[in-house]
Structure formats: structure tokens, C-alpha cells
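Have a look at the structure below before the remarks.
Residue numbers (this note's numbering), protein chains in the order written: chain A, 1 to 335; chain B, 336 to 851.
The structure is reproduced here in C-alpha cells:
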């Protein structure tokens, strides 16, 4: 066992990014007192929720040494799919002119549409899993192809037209608050977090996932059905993107084919910042949550400080590279 | 002999932590001869060569090249001094051309304005010349990957010659060659010999050694046994000199727990690869420890991995507990009550970044899962029991397995399989890289298991272990089962004789086919 003695250098390396961001947040709070307001907290929470759900999906792929570059496009597809099926009956530019008015059944229909979104994305997730486990295409390439395919499907489906005029039962999912205080969105994210935590820590599937990431050959020898496990991981991930996309659509009240573009990279970055090792086998849901939160706070801080949007990208990029460099350092130190 | 030696190594000593790998080894190679270097697995042949090439630093000893005392700092330095090595496992870059592989790291350069660029024309013409020199007519622009292993080896030799090496070391050069390729290789060797190049030829194949070598040096357990001219020593004598040591290891006392019940029956199992195991048949009785002996490369591991569903088979049947089974993946084998402890503990045994808990329970999580949820209590109980029963030295089950010693890691892997309560346990080199104390404990565990009516197949390259532990020993050579020895009658000489039963073409002579 390594000694439990506190080592400042190790502590700084292990938590460097988080420490820097806490400092940044306080600095922002001092310069812009509104940063520490209930309104801003809600705003951050609302932004964190869907991203956290998506990052939860990607985390499984990362833990098994894979990745999923089709995440963002699946988010977009789910958002568009939900949008086209949940427009107000009296909206003039309806995608399906014949979409019936569900009257008192709108609540159920919203749920049904969520189911449809998850189902459709799971089909793509299943294909991802098959390509990666049976055809043994590297995850990076396989999901890169899927990214293009899903984008294409979305373009064909929507004909590249923006979608709006949502029924308020749908937008209410995002805008509503439990007891008027806690946004539903936040509650859903917490529920997803708990579910994923359970899946990762309490089920054989979770154990197999960590085992595959730790040493795929050992897992195979130990009788783990690695192929099936990976397919389930990519399908679960796709379901998360569908849920995320569904919620993002509700939150923004409209969607287009460009929704979710590049979100997979943000999600991967957030996972890495939260301690999901790019070398596989290591990662916790709590870490994913911290990673997403840190990334979102970074963005908000930069906005509050009035940094030009263009520069914000540069700052985000630097954070990603530094975070991964630090992650690798942890790995090297172990040898 | 007042003759001047091409290479003389005197009193080489090398100690690794806890192991005396080389203890006063001598080697004298005459100019223009092929010098065979023989010894069992682990006798120290490779270590000696690594010391010669400066890959390991020797603790004591002197090296003379052409009578001049030399110190060799690293493989590059060795090259400059005229020493080249053709490795057992070639390390080429298959996607690049033959010439590029030959000139890797020493590309001919030419000036191109202010820059120095690779002189491709020169590289290709030179490469072609050297290839012709060893009677190889490949296009040096061809991708190396398109050649066969034997041809690649010839390229390696051409490379050595092009570096004007006058001592070439061939480490098991024929282990993956076909008959024709072996003939071609021997032609090259004879040609080099006639030009005064000396060669050290490391091999286990007696017939080849007989055919090609002039002198032979035998090593045993890191010590120097002696040097003979080939004409002065018989095959039997060579085997005797290689294995002639006292049984120093101590094994727990064992009784014969064998019963009449056959738990595993393998009939005519053949690999899809021609040079892997072929037509292997054997039976395993309940309560038996069945040893598998043979040299490295005899395909014992491959045979076991095929039985366990990790490799494809061309033909043959497997019966477990009297039932024919079709094992396509390890999970099928596990379902058929077979467990396997693999040879490469780090590569496909442990999960370094996971805890002992997870490492123990990974193959049996199904047993502790209720309504989709793993019962941590049950896992804890199983792990605690195995830690106590197998005497695993660890602070707790939460400890990462990578912080344990090799012996304790091995015990965790044994615990992993015992958690599934298999009837048959395959153990591939179960005590490799484990200290003596832990070895004894693992032997005790094995005996305890057969006492409980389980059956064990043990592959081991350590002959005393094989003889000390097995009720019965099957010996493999070149993918065939070439002999069977009862535990009581087993001697190292008998096993070695079966293990080196190659015919001249390099494949094994199979005497006991159909006998099982």
C-alpha cells in the first residue's frame, strides 16, 4: 500500500483543475457579485443537467477504453425527433400537419415520444456496439462514422428546417419546478445519476465494464461476455443521449439539425476532468458530475467576466488539454 | 589449444534480486564455426547473450573479441564490434520495405542543398547487393510484411552481414520455419561459415544441432557445464548434461487421489493453424494432477487455451463429465465447470487497477447477484474466506491487486476460480515468477484441491516441479503429444527425450498417437 501521508504536490496534481476553477469562481464572484445569486445557480444547474446525462452515457464508453463521437449528433437527432412530434396543435408551421391533438392525453404522449427517441437512438447505439465489438473497428473510427450517419439521418428527416412551436406540456418538462423551487430537469439528472451509480457499482454489468477497461483479455478469460457488455454500454449511452437531447429540446423550446454539435467532445472533456481515466478501467459517476459542473462553471465565469466568446473557446481548449495532461501524470506516477 | 578465439567469455556472473542467473559461465567460439549453445528453459542462455550485447550489465567476467579484451556497453556498440543477433522473436516493421528495415537507424544520407536526406537509390542498391550475398532474391522495395517468417529471418541475417558482423547469434532460428525454410537457412549458415563468420546457434532441436554445429556448450541452472566438439558427445550425453541436477525443490507429500471417473476427455483436437497443436488426445481422471511437459513453443498453452475456448479448433471433440461440449468462449468453459489460470498473469490474469474483491469475484458475480443487484455481503464473505483459506497476505479485500506480490496475486486468481467451484482447473505455469515459499503454498493448495475431488491440469516448464507434483505427465513437442510418463517413473531424461522428439524436418515424431 502507498503511504497515506499527505503529499501537497500529489494533491495539487490530482485536483489541479478543480482548485484553479474554485479560485476562478471566487474571483468572478468578487468582480461580479451577481455571480453568486440564486438565478445564476439555477441557470448553471439547468445547463449542467442535460450535459451531465450525456456525459454519464459517454463515461461507460471511456471506462472500457472506447469513446463515442456520435453522442452530440444523437442529441441533435433526439431533439429534432421530439420537436417534430410535440408541436402545438394550432401551430402554423407544423412538421406533421396531421399530428392529432392529444387533448388530455398530452402528458402520456410526451412520455411516449421520449420512448420513441430512446428507441431510435438505441438502435444506433446497438449498431455502434456491434461495429466495435464484433467487427472490432476502433471505437474512435466506428463512432466517427456513426456521427456522420446520424447527422445525415437528421438532415434527411427534418429536411434541415428548424422546428419550433412546442406544446407546453413538453417545454414544461424543462421549465417546470418541483414545488416551485427545484427544476424538474435537475431532478431528472439526479435520478439518472443515481441510476448510473447503481449500474456501475452494484450490478455485474458495472463490474464487467470496469474489468474490460482494466484488462480486456483478463475479462474474457474470466468468462465475461465482453462483446455483449460493450453493446449494452453503447446502447445505454445512446439512451442517455436521447434523454439529454429530449430535455435540451424542451429547454430551448426549439431545435435544429445543429443542436448538440460538438457536445460529445465537451462530454468527454468533462469526464476526463472528473477523473475518468483515458486509459480505461477508472471513473466514477460522482467524478463525471464534478467534471461537468467544473466545465460549466468555467464557461459561466468567462461569460461573467465579459471574455469575448471567441476567446472562450481558447480557454476551454486549454482546460481540456491541461486536464488530460494531469490525468496522464497520475497514471505515470503509479508505475 | 593455442588457437585464437573469435569470442571468448570468461567467468561471467550475473545476479538478479534473489536469483543467481549466471554463475561463472564460459563460452569460446572459434572463427568460422557454428557453436551450439544448449540448456533447458531458464538455464541462462538468453541472459548470457543479453550480457554479451550489453543489454544486461554483467557483475563479473571478461569478454575477448579476437583475443582483445573488450567491454560492450549496448547493442549498438556490439554491432560496431562485429556482433549481430537474429532474435527469436523478430521485431521488424512489416509495413515498411525490406531495405528500410535493413537500414533502420542507419539510413544512407546524401546532401540535398542545406539538408541531409535519405539516399534511397543507394539504400536500395546496397540492400539488393547484401540480399544477393545471402542468396536471397527479394526486391528490396517489397513490403517486409509480405515475406514469410523464414524469409524475414534471412533478411535479418542479410542485415547482420551488411553490418560486417563476424559473429552472428541465432536464437532459436528455426522455431517457426517450415522444412524448406530450414534448408534455406542452413545453406546461408554454411555459406557464412565458409567465409569465416562465426555463429552461436541456440536451439533445442538435437537433430539440427547435430547437422549444423561444430562445437557445443551446455549450460544448466546458470552454470557452465562444459564445451565439446560435436563429434565427441552423443545425444544421450547432451541430454544428461543438460538436466543432470539434483532435485533441490521440495514438494509437499502427496498421495494418489485418482479415481476411475474420467472428468475430461479430449479426442484428436487440432488447431486451425498447421504449426500449432495437432491431433491431441488425452483423458483426465477425477482427483488427478496431470502434468504437461515440453519445451517453450511445444504448443501446450495453445492446446489448453483451445480447450478453454480462447482459440479456434479445426477438428476434434471435448467431453466434460461424460458429456460432449462445444466450448466457443471462456464463458462456455466456465459453464462446463472448467477454470483456467493463465500463464501470463499480467497480460490476461489480473485486473491491476481493481481491488482484490473485484479480482476474486469477477468470474462469479452471477452467483451473488439477486434481482440485478450484487450482494456486497456475499462477495465480502467469499473474499474473506479465500483470503483466510489461501493465506493471501493483504490488509483487506479493498486493496488493489497490483500492490500484492506475485505469489499473492496468483492466489487471488486461484480464489477467483475456486469461487466458481469448477471440477477441472487448468493451471498454466502456476508458479512462474513466484518465490519459493509461495510456491510451496500453491503446491499445498493444489493437493488440497485434488483431495476434494477436483482435477488439475498443470503446464510447467520446470521439470522438478512437473515430476514432483504430477500423478502422470504428458509431454508435447511441436504441437504433438509425444509421450506419457507415470509420475513415479518420471525422470528428467525421459521427459527431455520426449520433449525433443523432432524429426529432421522440425516437426515432432509422434509415438503415442491413439494410445490414450
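For every residue, glycine included, the Cβ atom is placed at its ideal position computed from N, Cα and C.
Does residue 210/A get closer than 8 Å to chain B when you measure Cβ to Cβ? Residue-level contact check: residue 210/A touches chain B, since one or more beta carbons of chain B fall below 8 Å from its beta carbon.
May I have a chain-ordered list of the beta strand (DSSP E) segments no shorter than 3 residues that lie completely inside the region 428-459 of chain B? Runs of the beta strand (DSSP E) spanning 3 or more residues and lying entirely within the region 428-459 of chain B occur at 444-447 and 450-453, in chain order.
Tell me the DSSP secondary structure of residue 740/B in three-state form. If DSSP states are grouped into helix, strand and coil, residue 740/B belongs with coil.
According to DSSP, simplified to helix, strand and coil, what is residue 157/A? Residue state, collapsed to three classes: helix.
Strictly by DSSP, which residues pair up with residue 371/B? Answer is 536/B and 551/B, bridged to residue 371/B.
Run the CB neighbour count on residue 806/B, radius 10 Å, all protein chains shown included, and call it buried at 16 or more, exposed below. The residue is buried, with at least 16 neighbouring Cβ atoms inside 10 Å.
Taking its Cβ as the centre, do 16 or more other Cβ atoms sit within 10 Å of residue 706/B, making it buried, or is it exposed? Around the Cβ of residue 706/B, a 10 Å sphere holds fewer than 16 other Cβ atoms; the residue is exposed.
What does residue 225/A touch in chain B if you count any residue whose Cβ is under 7 Å from its own? Close partners of residue 225/A in chain B (Cβ separation under 7 Å): 666.
Given that residue 217/A touches chain B, what residues does it touch there, using C-beta distances under 8 Å? Correct list: 682 and 683.
In angstroms with no decimal places, state the Cα-to-Cα distance between residue 766/B and residue 12/A. Residue 766/B and residue 12/A have their alpha carbons spaced roughly 41 Å apart.
CB contact below 8 Å: residue 697/B versus chain A: Chain A has a Cβ within less than 8 Å of the Cβ of residue 697/B.
Contact between the region 292-299 of chain A and the region 77-87 of chain A (3+ Cβ pairs under 8 Å): Counting C-beta pairs with one atom in each stretch, the region 292-299 of chain A and the region 77-87 of chain A have fewer than three that are closer than 8 Å, which means they do not touch.
Under the DSSP definition of a beta bridge, which residues are partnered with residue 818/B? DSSP links residue 818/B through a beta bridge to 810/B.
Relative to the alpha-carbon of residue 368/B, which residue among 501/B, 463/B and 482/B has its alpha-carbon at the smallest distance? Considering only alpha carbons, the answer is 501/B.
For residue 555/B, count neighbouring Cβ atoms within 10 angstroms of its own Cβ and tell me buried if that reaches 16, exposed if not. Flag for residue 555/B reads buried.
Please state if the CB of residue 410/B and the CB of residue 389/B are separated by a distance shorter than 8 Å. Going by C-beta atoms, residue 389/B is nearer than 8 Å to residue 410/B.
Less than 8 Å separating the beta-carbons of residue 725/B and residue 376/B? No, they are not a contact pair.
Check for me: the alpha helix (DSSP H) holding residue 289/A runs from which residue to which? That run of the alpha helix (DSSP H) goes 285-304.
Taking the alpha helix (DSSP H) that residue 111/A belongs to, which residues open and close that run? Under the DSSP assignment, residue 111/A falls in the alpha helix (DSSP H) whose first and last residues are 106-133.
Are the Cβ atoms of residue 87/A and residue 167/A separated by less than 8 Å? Cβ distance < 8 Å, so residue 87/A and residue 167/A count as in contact.
Quick one: list the residues of chain B neighbouring residue 281/A, beta-carbon separation under 9 Å, in chain order. Within chain B, the residues near residue 281/A are 686, 687, 688 and 689.
Run down chain A in chain order and give the residues with a C-beta less than 8 Å from the C-beta of residue 701/B. Chain A residues near residue 701/B: 204.
For the 8 Å Cβ check, are there 3 or more pairs between the region 733-746 of chain B and the region 649-660 of chain B? With a cut-off of 8 Å on Cβ pairs, the region 733-746 of chain B is not in contact with the region 649-660 of chain B, counting fewer than three such pairs.
Through-space distance from residue 234/A to residue 345/A, alpha-carbon basis: With chain A represented from 1 up to 335, any question about residue 345/A goes unanswered, as that position is not in the structure.
Residue-level contact to chain B via CB, residue 344/A, 8 Å cutoff: Outside the modelled stretch of chain A, which goes from 1 to 335, sits residue 344/A, for which no answer is possible.
Would you mind sorting residue 43/A into buried or exposed? The rule is 16 or more other CB atoms within 10 Å of its CB. Residue 43/A comes out exposed.
Closest by CA to residue 172/A, which one among 255/A, 276/A, 100/A and 251/A? Considering only 255/A, 276/A, 100/A and 251/A, the residue with the shortest C-alpha distance to residue 172/A is 251/A.
Taking the alpha-carbon positions, what's the residue 347/B to residue 518/B distance? Cα-Cα distance, rounded: 34 Å.
Are the beta-carbon atoms belonging to residue 326/A and residue 17/A less than 8 Å from one another? Yes, the pair counts as a contact, with Cβ atoms nearer than the cut-off.
Starting from residue 629/B, follow its DSSP beta bridges and name the residues at the other end. Bridge partners of residue 629/B: 811/B.
In angstroms, rounded to a whole number, what distance separates the CA positions of residue 374/B and residue 634/B? In this model, residue 374/B and residue 634/B are separated by some 19 Å (Cα to Cα).
Since residue 207/A meets chain B, which of its residues come closer than 8 Å, beta carbon to beta carbon? Within 8 Å Cβ-Cβ: 693, 696, 697, 700 and 709.
Using 8 Å as the threshold, is the region 518-528 of chain B in touch with the region 465-473 of chain B, meaning 3 or more CB pairs across them? Taking 8 Å as the limit for Cβ pairs, the verdict is that the region 465-473 of chain B does touch the region 518-528 of chain B.
Between residue 505/B and residue 536/B, how many whole angstroms is the CB-CB distance? I'm expecting something under 8 Å. Confirmed, Cβ separation roughly 5 Å.
Report whether the distance from the Cβ of residue 433/B to the nearest heavy atom of the ligand GDP is below 7 Å. Looking for the ligand GDP in the displayed structure turns up nothing, as the structure carries no ligands at all.
Taking all protein chains shown into account, decide if residue 111/A is buried (16 or more other Cβ within 10 angstroms of its Cβ) or exposed. It is exposed - the Cβ of residue 111/A has fewer than 16 other Cβ atoms within 10 Å.
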